[in-house]
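> Under the working numbering, the sequence shown is numbered contiguously, ending at residue 207.
Pasting in a structure now, in structure tokens, and then I'll have a few things to ask.
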Amino acid sequence: MPLPDDVGMEPAHYALYIEARKRDDSLDGFTLLRVGPYTQTRHAQQDYDRITTALEGRETTLVPGHRVSARFGPFDVSDHQLFADPYEADAVALLDAAVAGVSA
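As structure tokens, then:
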């Protein structure tokens, strides 16, 4: 049985947030990089896996005094200018550029 083209809902949009949080268990920190929108969870998951692999073993040394981690979240259209487009660049290269900008 064919599925309908329109189910009456706008497509969902997802984002990845790469954050640097202080290691003292406080909530102090900042968002290092926002990547999105992703219209399919599998694309977001692929980039999440690549970023997590790139962070493995380095999450506490990339930004001094902070732990860097990635998380999923909704894409906020009103903040679209704060996000890097995941389809125009490699997510790991975006992470490397963001870390270099913080370290400089």
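Positions of the beta carbon are idealized from the N, C-alpha and C atoms, including for glycine.
Source: prediction; values computed, not measured.
#1: How far does the alpha helix (DSSP H) with L198 in it reach, from first residue to last?
#2: Bridge partners of I121, per DSSP?
#3: Using 8 Å as the Cβ pair cut-off and three pairs as the minimum, do the segment 177 to 196 and the segment 122 to 132 touch?
#4: Tell me which residue opens and which closes the alpha helix (DSSP H) that R126 is part of.
#5: CA-CA distance, L197 and D179?
The answer reads as follows:
#1: A194 to S206
#2: L136 and A173
#3: no
#4: Taken as a continuous stretch (DSSP letters only), R126 belongs to no alpha helix (DSSP H), as it is neither H nor E.
#5: 19 Å
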